[in-house]
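Residue 429 is where the sequence shown starts when you use the working numbering, and the numbers rise one by one after that.
For each residue, glycine too, the CB sits at the ideal point set by N, CA and C.
Heads up: the structure comes next, in structure tokens.
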Amino acid sequence: MTAVDILQLITHEVQTCTRCALHTGRTRAVPGEGPPSAEVMLIGEGPGYHEDRQGRPFVGPSGQLLDDLLALAGLQRADVFIGNVIKCRPPKNRDPLPDEVATCTQAYLFRQIEALNPKVIVTLGRFSMNLFLPGEKISRIHGQPRIVEGRLIVPMLHPAAALHQPQNRPLLEADFRRLPELLATVEREAPAPAPATRPNDEPPLEQLSLF
Numbered sequence: 429m430t431a432v433d434i435l436q437l438i439t440h441e442v443q444t445c446t447r448c449a450l451h452t453g454r455t456r457a458v459p460g461e462g463p464p465s466a467e468v469m470l471i472g473e474g475p476g477y478h479e480d481r482q483g484r485p486f487v488g489p490s491g492q493l494l495d496d497l498l499a500l501a502g503l504q505r506a507d508v509f510i511g512n513v514i515k516c517r518p519p520k521n522r523d524p525l526p527d528e529v530a531t532c533t534q535a536y537l538f539r540q541i542e543a544l545n546p547k548v549i550v551t552l553g554r555f556s557m558n559l560f561l562p563g564e565k566i567s568r569i570h571g572q573p574r575i576v577e578g579r580l581i582v583p584m585l586h587p588a589a590a591l592h593q594p595q596n597r598p599l600l601e602a603d604f605r606r607l608p609e610l611l612a613t614v615e616r617e618a619p620a621p622a623p624a625t626r627p628n629d630e631p632p633l634e635q636l637s638l639f
């Protein structure tokens, strides 16, 4: 199967998923969207109110800010693949539970990563960061690229953090401005990406030496 076929299959599976209790409260599941050739994949936490209504990722206020941040990196939404750790909105936007994260990532997110094979994964917020860099603190390592299992991971604050605390916006803007530099460097330096990391694994990681 091609990347297009796999992503379309995952989209259909997500839209009809009943693997965990979150499906009982959703309006629409949010599989994620973007071109199969995307070199950059952004991973958020999960759908909010607007995403649940439209079935698309980052379409509320956080999404409007994300569009602005992408522009700082010379990118548009159509250039990147945007997904989430979980595909259905939790009740009252509560944090996703460990079993929900494990179920959704194993069934869908890591298959999307394998199909896309992106050069860079930008994690937005602590839940997606923890999939690749467990035990770290986003406030400490945001914007610091790491190689995890042969793939470049760039942890960043979630756009919602800048909406709730405006002092975080300059940090996010500075991190996004570095994306073109990171992309250019990974094309020269990074080895071929390995299969996606599964939750609860303890992958070897290293700080990218050029940064």
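Note down, in chain order, each residue of its chain lying with its Cβ closer than 7 Å to the Cβ of G563, except the 5 sequence neighbours on either side.
The sequence position of residue 563 within the sequence shown is 135, counting from 1. Excluding positions up to five away in sequence, the list is empty.
Just the C-alpha distance for T551 and C516, rounded to the nearest angstrom, thanks.
In the sequence shown, the residue the question calls residue 551 occupies position 123. In the sequence shown, the residue the question calls residue 516 occupies position 88. About 18 Å.
Within 8 Å, do at least three Cβ pairs link the region 560-574 to the region 594-610?
yes
How many Å lie between E467 and I514 at the Cα?
Locating residue 467 in the sequence shown gives position 39, where the first residue counts as 1. Locating residue 514 in the sequence shown gives position 86, where the first residue counts as 1. Whole-angstrom Cα-Cα distance: 21 Å.
DSSP state of G462 mapped onto helix, strand, coil:
On the sequence shown, position 34 is the one that residue 462 refers to. Looking at G462 - three-state DSSP - the assignment turns out to be coil, as it is neither helix nor strand.
Can you round the beta-carbon distance between I471 and G511 to whole angstroms, since I take them to be within the 8 Å contact cut?
In the sequence shown, the residue the question calls residue 471 occupies position 43. In the sequence shown, the residue the question calls residue 511 occupies position 83. The Cβ separation is near 5 Å, so the contact holds.
T531 - containing alpha helix (DSSP H), residue span
Here residue 531 is taken as the residue at index 103 of the sequence shown, counted from 1. Segment 526-532, the alpha helix (DSSP H) holding T531.
For P489 and L585, which I take to be in contact (beta-carbon distance under 8 Å), what is that distance rounded to the nearest angstrom?
As a first step, residue 489 is located in the sequence shown; it is residue number 61 there, counting from the start. As a first step, residue 585 is located in the sequence shown; it is residue number 157 there, counting from the start. Actually they are not in contact, since the Cβ atoms of P489 and L585 sit about 15 Å apart, beyond 8 Å.
Consult DSSP for V432 and reduce its assignment to one of helix, strand or coil.
For this step, residue 432 is matched to residue 4 along the sequence shown. Helix, per DSSP.
CA-to-CA distance, L497 to G476, given in whole angstroms
Translated into the one-based positions of the sequence shown, residue 476 becomes position 48. Translated into the one-based positions of the sequence shown, residue 497 becomes position 69. If you take the alpha carbons of G476 and L497, they lie about 19 Å apart.
Going by CA-CA distance only, name the one from P463, S465, G474, M469 that's closest to R456.
Taking the sequence shown and counting its residues from 1, the one referred to as residue 456 is at position 28. The shortest CA-to-CA distance from R456 to any of P463, S465, G474, M469 is the one to G474.
Of all the options L611, L500, R505, which has the alpha carbon lying nearest to the alpha carbon of P485?
Along the sequence shown, one-based indexing puts residue 485 at 57. The residue with the shortest Cα to Cα distance from P485 is R505.
Considering only C-alpha positions, which residue in the set G553, L494, T531 is nearest to H451?
Residue 451 sits at position 23 when you count from the first residue of the sequence shown. When each option's Cα is compared against that of H451, the closest is T531.
Where F509 falls: helix, strand or coil (DSSP)
The residue labelled residue 509 in the question sits at position 81 within the sequence shown. Looking at F509 - three-state DSSP - the assignment turns out to be strand.
Going by DSSP, which residues form a beta bridge with L641?
Here the chain comprises residues numbered 429 to 639, so residue 641 is not present and cannot be evaluated.
Exposure label - G491; buried when at least 16 CB within 10 Å
If you number the sequence shown from 1, residue 491 lands on position 63. Buried, since its Cβ has 16 or more Cβ neighbours within 10 Å.
Which residues in the same chain as M557 place their Cβ atom closer than 7 Å to its Cβ, once the five residues preceding and following it in sequence are excluded?
In the sequence shown, the residue the question calls residue 557 occupies position 129. So the list reads T551, E564, I566, P583, once near-sequence residues are dropped.
Since R539 is in the alpha helix (DSSP H), which residue starts that stretch and which ends it?
Within the sequence shown, the letter at position 111 stands for residue 539. Taken as a continuous stretch (DSSP letters only), the alpha helix (DSSP H) holding R539 covers 538-544.
Residues sharing a beta bridge with G472, DSSP:
Taking the first residue of the sequence shown as 1, we reach residue 472 at position 44. N512, per the DSSP bridge assignment.
Residue range of the unbroken alpha helix (DSSP H) whose run includes P598
Looking up residue 598 in the sequence shown gives position 170. Boundaries of the alpha helix (DSSP H) around P598: 597-605.
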